[in-house]
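Enquirer:
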Amino acid sequence: MEERILLSEKEIPQQWYNLLTDLKTPLAPPRHPATGEPLKPEDLYPIFPKSLVAQEVSSERWIEIPDPILEIYRLWRPTPLCRARRLEKALGTKAQIWYKYEGASPAGSHKPNTAIAQAYYNKQEGVTRLSTETGAGQWGSALSLACQLLGLKCTVYMVKGSYEQKPYRRIMMETWGAEVFASPSDKTESGRRIQVEMPGTPGSLGIAISEAVEDAATHEDTKYSLGSVLNHVCLHQTVVGLETKKQFKLAGLKPDILIGCVGGGSNFAGLVFPFVPEKLAGQEMRFIAVESAACPSLTRGQFAYDFGDTAGLTPLLKMFSIGHRFVPAPVHAGGLRYHGMAPMVSHLMAEKLIEARAYQQKEVFEAALLFARTEGIIPAPETNHALKAAIDVARECREEKVILINFSGHGHFDLSAYEAFLTGRMTDSTVSDETLNKSMGDLKKI
Ligand SMILES: *Cc1c(COP(=O)(O)O)cnc(C)c1O
């Protein structure tokens, strides 16, 4: 019986899988923030390169991964598919639990899968610098790495609260050559305005997005890069699910229940999308998206058009959302604190092809401790949500089902969260219906 299924470099998938072509009903188009009209590809050219805009709406089922991207993927791909046999024993479950270890990348998460691709296409089109936002720093560090490897400059607007409290991810970005500004900064019009309007604010992802987008829109040589939510990001992440498929085939197994945590939805999409055609063809398979109870877009949100950012500058996307002005509690899983959900993941939810669960942070850290103490790896706070769901599902299993988790990242830079849990200082927070109804009230007006 195998415990770790490794592939050779030659077996890294050569194409990404585009689920858009296999959806039974078409995806609702993004709309212009001012006019409400369906967006034209040209509308996005000031901030994204043409090739990525083309991927956003592509009608090709398979998209070739260019050789220079594959060459960089080979620094850590293929990632191992591992069986958590010691965890299974501790649970006394009949189920098999497998995890795809995306913590193996240099940045420690799945995010470089798209960061590398985005940096490559920008470079191809003559862009010399990318701007982006980051919360705790996972996306910023992935893009800094990608820009360094492809010879681009990188500017990261990092939410000020994290910039001051979480220096390690910032140092990582600077080590990879990026310039990092605490947001709101004095580098942009929107940053300067916020500083006047809200003196001393610790910033937010929404503010940082406004700064990064403005930076790209006002500099000829610069484009903007987003780490989740968009179709092309989900597309790049399918390398994860495609690789997993090959690994299971080698083991002579098929997964029954696929589980991923969801912030903007990209790691879940990357694992699950390549398996969707099999489910559409009638195979029995469950896909479970796991969110933070502090930011419950899939389990308590509405499927409606909403903005991607707080300021309401981005295109309108049809997605499960709890309102673009919703401010989630400062839970440790920073990557899950997003008010919306990838339109493609939202679409699958609306079609009832996937199911969703939400957990509080203390229960997910309890699950993480069990994982760390049986399997050894210390998971990222986001990943803990997927582990908690897998453990619950395994406990419910009466038959020998095969459970598969996207292990989205390790938690080596999140040890202060573990300290809070271990010393009993971690707290849960519930979102009242009243708060949600209020922030979702905006959605009806759009
Ligand atoms: C960013 C991040 C997430 C959440 O983002 P998705 O786009 O939903 O995948 C999950 N896990 C880790 C480790 C992350 O860094």
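In the numbering used here, each residue carries its 1-based index in the sequence shown increased by 5.
Glycine is no exception: its CB is placed at the ideal position from the N, C-alpha and C atoms.
What you are looking at is a predicted structure, and each value in this text was computed from that prediction instead of being measured.
1) Grab me the residues of residue 273's own chain with a C-beta within less than 6 Å of its C-beta, minus the 5 sequence neighbours each way, in chain order.
2) Beta carbon of residue 273: closer than 8 Å to some heavy atom of ligand 1?
3) Just the Cα atoms here: how many angstroms apart are residue 54 and residue 61?
4) Looking only at its own chain, which residues have a Cβ that is under 6 Å from the Cβ of residue 109, when we skip the five neighbours before and after it?
5) Report whether the distance from the Cβ of residue 256 to the nearest heavy atom of ligand 1 is below 8 Å.
6) Check whether the Cβ atoms of residue 213 and residue 140 sit closer than 9 Å, and answer yes or no.
7) So the alpha helix (DSSP H) residue 378 belongs to, where does it begin and stop?
8) Quick check: is any heavy atom of ligand 1 less than 8 Å from the C-beta of residue 413?
9) Hey, which unbroken runs of the alpha helix (DSSP H) at 4 residues or more fall wholly within the segment 203-271?
10) Whole angstroms is fine: what's the gap from residue 123's alpha carbon to residue 231's?
11) Which ranges would you report for the beta strand (DSSP E) in the segment 138-168 if only whole runs of at least 3 residues count?
12) Note down, one range per segment and in chain order, each alpha helix (DSSP H) of at least 4 residues found wholly within the segment 92-129.
13) Cβ atoms of residue 417 and residue 296: under 9 Å apart, would you say?
14) Below 9 Å between beta carbons: does that hold for residue 143 and residue 340?
15) Quick one: what's residue 331 bridged to in DSSP?
16) Is residue 143 near ligand 1 - that is, is its Cβ less than 8 Å away from at least one heavy atom of it?
17) Give a single yes or no on whether residue 385 has its beta carbon closer than 8 Å to a heavy atom of ligand 1.
18) If you check the beta carbons only, do residue 117 and residue 147 fall under 9 Å apart?
19) How long is the line joining the alpha carbons of residue 138 and residue 399, rounded to whole angstroms?
20) Would you check whether ligand 1 has a heavy atom nearer than 8 Å to the C-beta of residue 388?
21) In angstroms with no decimal places, state the Cα-to-Cα distance between residue 227 and residue 438.
22) Would you call residue 442 buried or exposed, if buried means 16 or more other Cβ atoms sit within 10 Å of its Cβ?
23) Tell me which same chain residues have a C-beta within less than 7 Å of the C-beta of residue 259, skipping the five on either side of it?
24) Which one of 359, 392, 324 and 361 has the shortest CA to CA distance from residue 374?
25) Leaving out five residues on either side along the sequence, give the residues of the same chain with a beta carbon under 7 Å from the beta carbon of residue 242.
26) Can you say whether residue 201 is buried or exposed, counting buried as having 16 or more other CB atoms within 10 angstroms of its CB?
27) By how many angstroms is the C-alpha of residue 28 removed from the C-alpha of residue 67?
28) Alpha carbon to alpha carbon, how far is residue 93 from residue 101?
29) Could you check whether the segment 148-158 touches the segment 343-362, counting it as contact only if at least three pairs of C-beta atoms, one from each stretch, sit closer than 8 Å?
30) Identify, in the order they occur along the chain, each residue of the same chain with its Cβ nearer than 7 Å to the Cβ of residue 255, setting aside the five sequence neighbours on each side.
31) Mapping the DSSP letters down to three states, classify residue 135 as helix, strand or coil.
Expert: Taking the coordinates as given:
1) One-based indexing of the sequence shown puts residue 273 at position 268. Within the same chain, residue 273 has close Cβ partners 265, 267 and 294.
2) Looking up residue 273 in the sequence shown gives position 268. True, at least one ligand heavy atom lies under 8 Å from that Cβ.
3) Here residue 54 refers to the residue found at position 49 of the sequence shown. Here residue 61 refers to the residue found at position 56 of the sequence shown. Roughly 11 Å between the two C-alpha positions.
4) Looking up residue 109 in the sequence shown gives position 104. The residues are 81 and 84.
5) To locate residue 256, count along the sequence shown from 1; it is residue 251. Incorrect: residue 256 has no Cβ contact closer than 8 Å to ligand 1.
6) By one-based count along the sequence shown, residue 213 stands at place 208. By one-based count along the sequence shown, residue 140 stands at place 135. Result yes, Cβ atoms of residue 213 and residue 140 sit closer than 9 Å.
7) Looking up residue 378 in the sequence shown gives position 373. Start and end: 366-380.
8) Here residue 413 corresponds to residue number 408 of the sequence shown, with the count starting at 1. Yes, since a heavy atom of ligand 1 falls inside the 8 Å radius drawn around the Cβ of residue 413.
9) 210-222 and 236-256
10) Translated into the one-based positions of the sequence shown, residue 123 becomes position 118. Translated into the one-based positions of the sequence shown, residue 231 becomes position 226. Rounded to the nearest angstrom, the gap between the Cα atoms of residue 123 and residue 231 is 9 Å.
11) Within the segment 138-168, the complete beta strand (DSSP E) segments at least 3 residues long are 158-164, listed from N- to C-terminus.
12) Here the runs fully enclosed are 117-129.
13) As a working mapping, residue 296 is identified with position 291 in the sequence shown. As a working mapping, residue 417 is identified with position 412 in the sequence shown. The answer is no: Cβ separation not under 9 Å.
14) For the purposes of this step, residue 143 is taken as the residue at position 138 of the sequence shown. For the purposes of this step, residue 340 is taken as the residue at position 335 of the sequence shown. Yes, the Cβ-Cβ distance between residue 143 and residue 340 is below 9 Å.
15) Locating residue 331 in the sequence shown gives position 326, counting from the first residue. Bridge partners of residue 331: none, in fact.
16) As a first step, residue 143 must be located in the sequence shown, where it is residue number 138. Yes, Cβ of residue 143 sits closer than 8 Å to a heavy atom of ligand 1.
17) Here residue 385 corresponds to residue number 380 of the sequence shown, with the count starting at 1. Because some heavy atom of ligand 1 lies under 8 Å away, the Cβ of residue 385 counts as near it: yes.
18) Here the question's residue 117 lines up with position 112 in the sequence shown. Here the question's residue 147 lines up with position 142 in the sequence shown. Yes. Within cutoff.
19) The count along the sequence shown starts at 1 and reaches residue 138 at position 133. The count along the sequence shown starts at 1 and reaches residue 399 at position 394. So the alpha carbons of these two residues sit roughly 37 Å apart.
20) The sequence position of residue 388 within the sequence shown is 383, counting from 1. Yes, Cβ of residue 388 sits closer than 8 Å to a heavy atom of ligand 1.
21) Reading the sequence shown from its first residue, position 222 is the one you call residue 227. Reading the sequence shown from its first residue, position 433 is the one you call residue 438. Whole-angstrom Cα-Cα distance: 42 Å.
22) In the sequence shown, residue 442 corresponds to position 437, counting from 1. Per the 10 Å Cβ criterion, exposed.
23) As a first step, residue 259 is located in the sequence shown; it is residue number 254 there, counting from the start. So the list reads 253 and 407, once near-sequence residues are dropped.
24) Indexing the sequence shown from 1 puts residue 374 at position 369. With distances taken between Cα atoms, residue 374 lies closest to 392.
25) By 1-based counting over the sequence shown, the position of residue 242 is 237. Taken in chain order, the residues that qualify are 115, 118, 119, 271, 272, 274 and 275.
26) By one-based count along the sequence shown, residue 201 stands at place 196. Per the 10 Å Cβ criterion, exposed.
27) To locate residue 67, count along the sequence shown from 1; it is residue 62. To locate residue 28, count along the sequence shown from 1; it is residue 23. Looking at the two C-alpha atoms, the distance is approximately 14 Å.
28) Sequence index remark: in the sequence shown, residue 93 carries index 88 (1-based). Sequence index remark: in the sequence shown, residue 101 carries index 96 (1-based). For residue 93 and residue 101, the distance between alpha carbons rounds to 7 Å.
29) no
30) Numbered from its first residue, the sequence shown carries residue 255 at position 250. Around residue 255: 10.
31) Residue 135 sits at position 130 when you count from the first residue of the sequence shown. Correct three-state label for residue 135: strand.
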